[in-house]
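Student: Below: one structure in structure tokens.
In this note's numbering, the protein residues as written are 141 to 593.
This is the structure in structure tokens:
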């Protein structure tokens, strides 16, 4: 039995002994809600006794001696873990329950569990191979040179998966060969930018009081978040950035830089190249794709000339050294080869009305996008350039593919729902009923990004 499975058995037993009555798998809402309040109080007490546990819980450090506090898990998350068995929690959730049982973290539990069973001590975090096997068993596997000669060098990467095409094109991407502990889902909402850790818990608002955000991307390696702001106010128009803490739950004080990059007229989508510390921006205002380094220095603009239309979303395929953008004025999708600098403005000539929200799958050479005006999701084979538009019942604001996790995420326009687990047939899109939607609890998500640890 894996450490993760044994962990949740131990947690359930601890809850049963701590609360009395029925075991948690038999609880209803009348038992779950009071426990969640009690659980939060227990974490507050332990964090007050040992402030080092605050960050382990993903909480913010309190000010002026206040009692530590933060989000824990929702009623739905509790049910998915202890009753339906659909989830085994993300690392932050497991850390919280480990602290509740008296450990310092989930890793601390793992070391002690291995010691009790007389197994050799494992390095750093509990048996990574075991974690990978468990995640594969669950089908819940999270994951993860430039313009002009001075900036771009060929990337030598082996792409080792082949797309199988049949009557049903399932956006499940073969058997994964690599897994990592947690998936970070970022989305733009009415107030700024929020994050959700592996679809558990409530959203955490990391960027607040910032309206008119048009694009964003996250460099998980350096914990750097960049976003574009089209607000005509001189205080915000441009590209801003901030560094998140190690748990991705809050901005590191002093790291927020509004208008870090100002040399844009109307910034829309952005895409990051972490290894090169470069940023690509679709500047809708002057029909160019601009390239900056992380310091804000302009490296190149439009790869020469203005583009024929108005670029909106932009997506970088690092593996194949291609850059894609949506042309919302001509309803097309363009492509730029970063090695030869060849520009293909009509790469996809019929992308639906006002295509936006690009997402690329470098493993299987597929491109996805949303066409909210025509209520369609687009999908293209990047080798053959064959594309199709799939009609959907609800207008899709944005899509984001996680090929290793075998999921496609879709935010619904004007809704607080993010759908996942799509099956695409030749003429319809079916949401997998076994994968419940993600609720953002009132926030209306639009731009989506997945950061894979």
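C-beta atoms are modelled at their ideal positions from N, C-alpha and C, and glycine is treated no differently.
For the candidate residues 507, 345 and 355, whose alpha-carbon lies nearest to that of residue 97?
Tutor: No answer is possible for residue 97: the residues shown for the chain start at 141 and end at 593.
Student: For residue 118, list the residues DSSP reports as bridge partners.
Tutor: In the structure as shown, the chain begins at 141 and stops at 593. Residue 118 is therefore absent and cannot be evaluated.
Student: Roughly how many angstroms lie between the CA atoms of residue 439 and residue 418, to the nearest whole one?
Tutor: Locating residue 439 in the chain shown gives position 299, where the first residue counts as 1. Locating residue 418 in the chain shown gives position 278, where the first residue counts as 1. Taking the straight line joining both Cα atoms gives about 9 Å.
Student: To which residues does DSSP link residue 516 through a beta bridge?
Tutor: For the purposes of this step, residue 516 is taken as residue 376 along the chain shown, with counting starting at 1. Note: residue 516 sits in a beta bridge opposite 511 and 531.
Student: Output needed for residue 382: all residues of its chain with C-beta closer than 8 Å, excluding positions within five of it in sequence on either side, in chain order.
Tutor: Here residue 382 refers to the residue found at position 242 when the chain shown is read from its first residue. Excluding positions up to five away in sequence, the list reads 346, 347, 364, 365, 391, 392, 395, 396 and 397.
Student: Just the Cα atoms here: how many angstroms apart are residue 369 and residue 503?
Tutor: Looking up residue 369 in the chain shown gives position 229. Looking up residue 503 in the chain shown gives position 363. Computed Cα separation, rounded: 31 Å.
Student: Return the CA-CA distance between residue 330 and residue 491, expressed in angstroms with no decimal places.
Tutor: As a first step, residue 330 is located in the chain shown; it is residue number 190 there, counting from the start. As a first step, residue 491 is located in the chain shown; it is residue number 351 there, counting from the start. Rounded to whole angstroms, residue 330 to residue 491 spans 27 Å at the Cα level.
Student: So which of 379, 162, 389 and 435 has the shortest CA-CA distance to residue 410?
Tutor: Numbered from 1 along the chain shown, position 270 holds the residue referred to as residue 410. Nearest C-alpha to residue 410: 379.
Student: Which of the three DSSP states, helix, strand or coil, is assigned to residue 465?
Tutor: Here residue 465 refers to the residue found at position 325 of the chain shown. Of the three classes helix, strand and coil, the one that applies to residue 465 here is strand, per DSSP.
Student: Which one or two residues does DSSP pair with residue 549 in a beta bridge?
Tutor: Looking up residue 549 in the chain shown gives position 409. Residue 549 is bridged to 540 and 560.
Student: Could you tell me the distance, in whole angstroms, from the CA atom of residue 269 to the CA atom of residue 144?
Tutor: As a first step, residue 269 is located in the chain shown; it is residue number 129 there, counting from the start. As a first step, residue 144 is located in the chain shown; it is residue number 4 there, counting from the start. In this prediction, residue 269 scores a pLDDT of 38, lower than 50, which makes its location untrustworthy; the coordinate-derived value is nonetheless stated afterwards. About 12 Å.
Student: Could you work out which residue in 423, 432 and 533 is closest to residue 452 when comparing CA atoms only?
Tutor: The residue you call residue 452 lines up with position 312 of the chain shown. Checked all of 423, 432 and 533; the closest Cα to residue 452 is 423.
Student: By the 10 Å Cβ neighbour count, where 16 or more other Cβ atoms means buried, how is residue 420 classified, buried or exposed?
Tutor: Residue numbering aside, residue 420 sits at position 280 when the chain shown is read from its first letter. Counting Cβ neighbours within 10 Å, residue 420 comes out buried, since at least 16 surround it.
Student: Tell whether a beta-carbon distance below 8 Å holds between residue 155 and residue 196.
Tutor: If you number the chain shown from 1, residue 155 lands on position 15. If you number the chain shown from 1, residue 196 lands on position 56. Not in contact: residue 155 and residue 196 (Cβ atoms no closer than 8 Å).
Student: What span of residues does the alpha helix (DSSP H) with residue 400 cover, start to end?
Tutor: On the chain shown, residue 400 is found 260 positions in, with the first residue counted as 1. Careful: residue 400 lies outside any alpha helix (DSSP H), inside the beta strand (DSSP E) at 397 to 401.
Student: Give the range of the beta strand (DSSP E) segment to which residue 456 is assigned.
Tutor: As a first step, residue 456 must be located in the chain shown, where it is residue number 316. Segment 451 to 457, the beta strand (DSSP E) holding residue 456.
Student: Once DSSP output is grouped into helix, strand and coil, what is the label at residue 472?
Tutor: Taking the first residue of the chain shown as position 1, residue 472 is located at position 332. The answer is strand: DSSP assigns residue 472 an E or B state.
Student: Put residue 494 into one of helix, strand or coil per three-state DSSP.
Tutor: Working through the chain shown from its first residue, we reach residue 494 at position 354. In the structure shown, residue 494 sits in coil (DSSP, three-state: anything other than H, G, I, E or B).
Student: How many Å lie between residue 494 and residue 471 at the Cα?
Tutor: For this step, residue 494 is matched to residue 354 along the chain shown. For this step, residue 471 is matched to residue 331 along the chain shown. Distance between the alpha carbons of residue 494 and residue 471 is about 5 Å.
Student: For residue 505, which of 515, 516, 530 and 541 has the nearest alpha-carbon?
Tutor: Taking the first residue of the chain shown as 1, we reach residue 505 at position 365. Nearest C-alpha to residue 505: 541.
Student: Would you decide whether residue 219 is buried or exposed? Buried here means 16 or more other CB atoms lie within 10 Å of its CB.
Tutor: Within the chain shown, the letter at position 79 stands for residue 219. Looking at its Cβ environment, which holds 16 or more other Cβ atoms inside 10 Å, residue 219 is buried.
Student: Got a sec? Which residues, its chain only, sit under 6 Å from residue 246 by beta carbon, not counting five neighbours each side?
Tutor: On the chain shown, position 106 is the one that residue 246 refers to. Once the five neighbours on either side are set aside, the close Cβ partners of residue 246 are 234, 235 and 238.
Student: Spatial neighbours of residue 496 within its chain, please: CB distance less than 6 Å, with the 5 preceding and 5 following residues excluded, ordered by chain position.
Tutor: In the chain shown, the residue the question calls residue 496 occupies position 356. 452, 453, 466 and 510, listed in sequence order.
Student: Can you list, in chain order, the residues of its chain whose CB lies under 6 Å from that of residue 487, leaving out five sequence neighbours each side?
Tutor: Taking the chain shown and counting its residues from 1, one reaches residue 487 at position 347. Here the set comprises 473, 474 and 475.
Student: Assuming residue 327 contacts residue 580 under a Cβ cut-off of 8 Å, what Cβ separation, rounded to an integer in Å, is found between them?
Tutor: Numbered from its first residue, the chain shown carries residue 327 at position 187. Numbered from its first residue, the chain shown carries residue 580 at position 440. 7 Å between Cβ atoms; contact.
Student: May I ask you to list the residues that DSSP assigns as paired with residue 428?
Tutor: Sequence index remark: in the chain shown, residue 428 carries index 288 (1-based). Paired residue(s): 423.
Student: Measuring straight from C-alpha to C-alpha, what distance separates residue 352 and residue 371?
Tutor: Residue numbering aside, residue 352 sits at position 212 when the chain shown is read from its first letter. Residue numbering aside, residue 371 sits at position 231 when the chain shown is read from its first letter. Each residue's Cα considered, the two are about 6 Å apart.
Student: First and last residue of the alpha helix (DSSP H) that includes residue 334?
Tutor: Residue mapping note: residue 334 aligns to position 194 of the chain shown, counting from 1. It is not in any alpha helix (DSSP H) - residue 334 instead sits in the beta strand (DSSP E) that spans 332 to 337.
Student: Alpha carbon to alpha carbon, how far is residue 553 from residue 534? Give it in angstroms, no decimals.
Tutor: The residue labelled residue 534 in the question sits at position 394 within the chain shown. The residue labelled residue 553 in the question sits at position 413 within the chain shown. Cα to Cα, the separation comes out at about 8 Å.
Student: What's the gap between the Cα of residue 151 and the Cα of residue 160?
Tutor: The residue labelled residue 151 in the question sits at position 11 within the chain shown. The residue labelled residue 160 in the question sits at position 20 within the chain shown. Cα-Cα distance, rounded: 14 Å.
Student: Do you know how far the Cα of residue 215 is from the Cα of residue 172?
Tutor: On the chain shown, position 32 is the one that residue 172 refers to. On the chain shown, position 75 is the one that residue 215 refers to. Looking at the two C-alpha atoms, the distance is approximately 7 Å.
Student: Using the Cβ count rule (16 or more neighbours within 10 Å means buried), how would you classify residue 229?
Tutor: Mapped onto the chain shown, residue 229 falls at position 89. Buried is the call here.
Student: What residues match up with residue 506 in a beta bridge as DSSP calls it?
Tutor: For this step, residue 506 is matched to residue 366 along the chain shown. Its beta-bridge partners are 501 and 521.
Student: What does the alpha-carbon distance come out to for the pair residue 388 and residue 414?
Tutor: For this step, residue 388 is matched to residue 248 along the chain shown. For this step, residue 414 is matched to residue 274 along the chain shown. Cα to Cα, residue 388 sits roughly 17 Å from residue 414.
Student: Residue 590 and residue 325 - do their beta-carbons sit closer together than 8 Å?
Tutor: Taking the chain shown and counting its residues from 1, one reaches residue 325 at position 185. Taking the chain shown and counting its residues from 1, one reaches residue 590 at position 450. Contact: yes.
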